[in-house]
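Peer 1: The structure's right below; bear with me while I get my questions together.
Chains as they are written, first to last, in this note's numbering: chain A, 1 to 463; chain B, 464 to 567.
Pasting the structure below:
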C-alpha cells in the first residue's frame, strides 16, 4: 500500500472533481424530458464515485460504524422510496431533503463537539450551515407530517410573526455567541441547535397545504446551501460545489413556483391564505348539474375535448380511468388534450408525473401557455378536481386573493363540465364564478366513479 | 484537515461560479420537469454523505461518534431516497405511448 500513498490524495481529489462535473451534467440533462432519465443515472454514478473515494481518505477511523450507518440509512430510504405511492411523492421528497439538512447540521455539531477552538471564519460558516440545515430539517419534518395527513390543522400562534421574529433573533444571537466564544460552551451549542430546530418547526406550522410545495422547494434550496457551507468548513470541493449549485438552482425553482401561483414568497411565509382578505366578488346564480349520460354524449360527439385535471383527480386515483376515457373518445374521432396548470397537483410537474404514470404520452399534455388559446376552439373543457386554477376571478376580480394568478381559460370553451365531489370551495376558500356560468354543468361525485360511469355510457354510443 | 484544504480566495471563486451554474442549469426548464428536477437536486445534495463520513471517520469521543453516526444515516438516506424517488418519477417520461403504461 505504501507505494501507492502519494497517489491517494490526488485520486480522491480527482474523484470529487469528476463527481461534481457529473452532478452538474446530470442536473442539466434532467432539465429536458428527452435526456432526463439519463441525468439521474449520471448524478448517481457521481455519488457512488464520491462515496467510494471517501473510504480512501487517509486516517479514516470508525469504518465499521460507518458501514452500519450507511446500510441503515440506505435500506430504509430505498425501501420507503420504492414503495411510496406516486401521489405521496411530494412528502417523500420533503423528508429526504430534511434528512440532508439534518446531516449538514450534525456535521457542524461534531465540529463544535470536538472542543477545539475553530477560527472565527470556519466557526461562522459551520454555525450558519447548522442554522440553515436545522431549520430545513425540522421544517421539512413538519411539511411531511402535514402532507401525509398526520397533522391536519394549520396552527397559528397568537402574534405568529412576532414569535417568529423573536425566535429568529434568539437563534442568531446564540449562533453569534457560539462563534465568538470558541471553543464553544456545550450548553450554548445545545441551546443554539434547539432554538434552530424550533424555529424551523414554528415557521412551517401555519403554512397551508396549497403553499407547501413552494416551502418544500425552499427547504431544498436551504439544505443545498447548508451542505455547501459545511463543505467549506471541511474544505471538501464535492460538498461545496454540489451544495451551492443546488442552493442556487433551488432558489430559482422556488421563485418560479411562487410566481406560477402569483404568491410572493413573503406572503407564503408570513400571510396565510384565507386571512389575506378579499371577497368572492358577489358570485350569483346557481350551479346546474348534469348526468354522466349527458356528459358522455356531449364529449362523444365533440370535435375537441380539453381535460383539466387537478389534485382532486389525484386524490381519487382517477388518472387511469381518465386516460381510459380519453382513449375511448379518441377512438371515436374526438381530439383529446390535457391542459396542466403550473401548480396543478401538489407541485409543479406533479400532475404530469401522475398522468405519465397512467400511461398518458407527454405529447398529449400541454402547459398553460401552449393551450390557453385553444380553449376558445374546444367544444368541451372537462375540469376534474381542479378549482382555483380555472377561476375566472383571477382575471377579473381585483379584490380576489388569487387575482393575477395565471389561470387556464376553461370558461372560453363552448361547454364546461366540472367533475367535483361536492359544492365546497377550493384551497383558497373562495367561490368559483366558473361553476355558475351559463355554459357550465356540474357532474357531482368522486372522479373515479363518475368517469367510470361516463366510460360505460360512451361505450353504449359506439357506432 | 485532510490535505484537501482550499484557500479562502479559491473557495470564494467556487462559491460564485457554482451559484451561477446552479442558476443557469435551471433557467430554461419546462414546468413538466419542475418536480423531478427538485427531486434530482434533492438527490445531489445527498453528497452531504461524504462530509458525514469524513466527520465520523475522524470522530474520537463517544459523543462525536454518536452525532457522526446520525449524520451518516441521515446523509445516506438523503442520497438513497433521493435517487430512488427521482428515478421512479423520471421513469414515467416515456416518449410516445410505446409501452402503453405499466399499471401499478
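From the three backbone atoms N, C-alpha and C, an ideal C-beta is built for every residue, glycine too.
Quick caveat, the model's predicted, so the values are computed rather than measured.
1) For residue 376 of chain A and residue 480 of chain B, what's the separation of their Cα atoms in angstroms?
2) Looking only at DSSP bridge pairs, what is residue 337 of chain A linked to?
3) Can you name the residues of chain B whose CB is closer than 8 Å to the CB of residue 175 of chain A?
4) Report yes or no: do three or more beta-carbon pairs, one from the segment 255-264 of chain A and one from the segment 413-421 of chain A, lie closer than 8 Å?
5) Chain A beta carbons: is any one of them nearer than 8 Å to that of residue 504 of chain B?
6) Is the beta carbon of residue 267 of chain A less than 8 Å from the beta carbon of residue 203 of chain A?
7) For a contact defined as C-beta to C-beta under 7 Å, what are the partners of residue 89 of chain A on chain B?
8) Output yes if chain E places a C-beta closer than 8 Å to the C-beta of residue 372 of chain A; else output no.
9) Once the 5 residues before and after residue 410 of chain A are set aside, which same chain residues still bring their CB inside 7 Å of it?
10) Quick one: what does DSSP say residue 443 of chain A is sitting in, helix, strand or coil?
11) Between which two residues does the beta strand (DSSP E) carrying residue 438 of chain A extend?
12) Are residue 385 of chain A and residue 316 of chain A close, meaning C-beta to C-beta below 8 Å?
13) Excluding the 5 residues preceding and the 5 following residue 302 of chain A in the sequence, name in chain order all residues of the same chain whose CB lies nearer than 7 Å to its CB.
14) Could you tell me the distance, in whole angstroms, from the CA atom of residue 111 of chain A to the CA atom of residue 518 of chain B?
15) Taking DSSP as the reference, what is the three-state secondary structure of residue 18 of chain A?
16) Taking three-plus beta-carbon pairs below 8 Å as touching, is the segment 360-373 of chain A in contact with the segment 503-514 of chain B?
17) If we define contact as Cβ-Cβ less than 8 Å, is residue 537 of chain B a contact residue for chain A?
18) Taking Cβ-Cβ distances shorter than 7 Å, what residues in chain B pair up with residue 28 of chain A?
19) Going by other Cβ atoms of all chains shown within 10 Å of its Cβ, with 16 needed for buried, is residue 521 of chain B buried or exposed?
20) Looking only at C-alpha atoms, which of A/438, A/338, A/304, A/299 sits nearest to residue 454 of chain A?
21) Please find out if some non-hydrogen atom of the ligand NAD comes closer than 7 Å to the beta-carbon of residue 418 of chain A.
22) How far does the beta strand (DSSP E) with residue 415 of chain A in it extend, from its first residue to its last?
23) Expressed to the nearest angstrom, what Euclidean distance is found between the alpha-carbon atoms of residue 256 of chain A and residue 217 of chain A?
24) Using the rule of at least 16 other Cβ atoms within 10 Å of the residue's Cβ for burial, across every protein chain shown, is residue 87 of chain A buried or exposed?
25) Taking Cβ-Cβ distances shorter than 7 Å, what residues in chain B pair up with residue 102 of chain A?
26) Over what stretch of residues does the beta strand (DSSP E) that includes residue 530 of chain B continue unbroken?
Peer 2: If we stick to the structure as given:
1) By 1-based counting over the first chain, the position of residue 376 of chain A is 376. By 1-based counting over the second chain, the position of residue 480 of chain B is 17. Roughly 46 Å separates the two Cα atoms.
2) In the first chain, counting from the first residue as 1, residue 337 of chain A sits at position 337. Residue 337 of chain A is bridged to A/306.
3) The residue you call residue 175 of chain A lines up with position 175 of the first chain. Per Cβ cutoff of 8 Å: no residues; residue 175 of chain A is ~18 Å from chain B at best.
4) Contact annotation: the segment 255-264 of chain A does not touch the segment 413-421 of chain A, with fewer than three C-beta pairs closer than 8 Å.
5) Locating residue 504 of chain B in the second chain gives position 41, counting from the first residue. At least one chain A Cβ lies under 8 Å of residue 504 of chain B.
6) Counting from one through the first chain, the residue named residue 267 of chain A turns up at place 267. Counting from one through the first chain, the residue named residue 203 of chain A turns up at place 203. Result no, Cβ atoms of residue 267 of chain A and residue 203 of chain A do not sit closer than 8 Å.
7) Position 89 of the first chain, counting from 1, holds the residue named residue 89 of chain A. Residues of chain B passing the Cβ test: 548, 552.
8) The question asks about chain E, but that chain is absent: this structure's protein chains are A and B.
9) Taking the first residue of the first chain as position 1, residue 410 of chain A is located at position 410. Within the same chain, residue 410 of chain A has close Cβ partners 308, 375, 381, 383, 390, 416, 434.
10) Within the first chain, numbered from 1, the residue matching residue 443 of chain A stands at position 443. Here residue 443 of chain A sits in strand by DSSP.
11) Counting from 1 along the first chain, the entry for residue 438 of chain A is found at position 438. Here residue 438 of chain A belongs to no beta strand (DSSP E), and DSSP marks it neither H nor E.
12) Counting from 1 along the first chain, the entry for residue 385 of chain A is found at position 385. Counting from 1 along the first chain, the entry for residue 316 of chain A is found at position 316. Yes, Cβ-Cβ distance for residue 385 of chain A and residue 316 of chain A is below 8 Å.
13) Here residue 302 of chain A refers to the residue found at position 302 when the first chain is read from its first residue. Closer than 7 Å at the Cβ level, and outside the excluded window around residue 302 of chain A, lie 334, 379, 380.
14) Here residue 111 of chain A corresponds to residue number 111 of the first chain, with the count starting at 1. Here residue 518 of chain B corresponds to residue number 55 of the second chain, with the count starting at 1. For residue 111 of chain A and residue 518 of chain B, the distance between alpha carbons rounds to 8 Å.
15) Along the first chain, read from residue 1 onward, the residue named residue 18 of chain A stands at position 18. In the structure shown, residue 18 of chain A sits in a helix (DSSP, three-state: H, G or I).
16) no
17) Numbered from 1 along the second chain, position 74 holds the residue referred to as residue 537 of chain B. By this cut-off, residue 537 of chain B is an interface position.
18) Locating residue 28 of chain A in the first chain gives position 28, where the first residue counts as 1. Under the 7 Å cutoff, chain B gives 488.
19) If you number the second chain from 1, residue 521 of chain B lands on position 58. Buried, by the Cβ-count rule.
20) Locating residue 454 of chain A in the first chain gives position 454, counting from the first residue. Of A/438, A/338, A/304, A/299, the residue nearest in Cα terms is A/299.
21) The ligand NAD is absent from the structure shown, which contains no ligand whatsoever.
22) Taking the first residue of the first chain as position 1, residue 415 of chain A is located at position 415. Segment 415-420, the beta strand (DSSP E) holding residue 415 of chain A.
23) Taking the first chain and counting its residues from 1, the one referred to as residue 256 of chain A is at position 256. Taking the first chain and counting its residues from 1, the one referred to as residue 217 of chain A is at position 217. When rounded, the distance between both Cα atoms is 10 Å.
24) Translated into positions along the first chain, residue 87 of chain A becomes position 87. That one is buried.
25) The residue you call residue 102 of chain A lines up with position 102 of the first chain. Result: 537.
26) On the second chain, residue 530 of chain B is found 67 positions in, with the first residue counted as 1. Judged by DSSP secondary structure, residue 530 of chain B falls outside any beta strand (DSSP E) and instead within the alpha helix (DSSP H) spanning 525-553.
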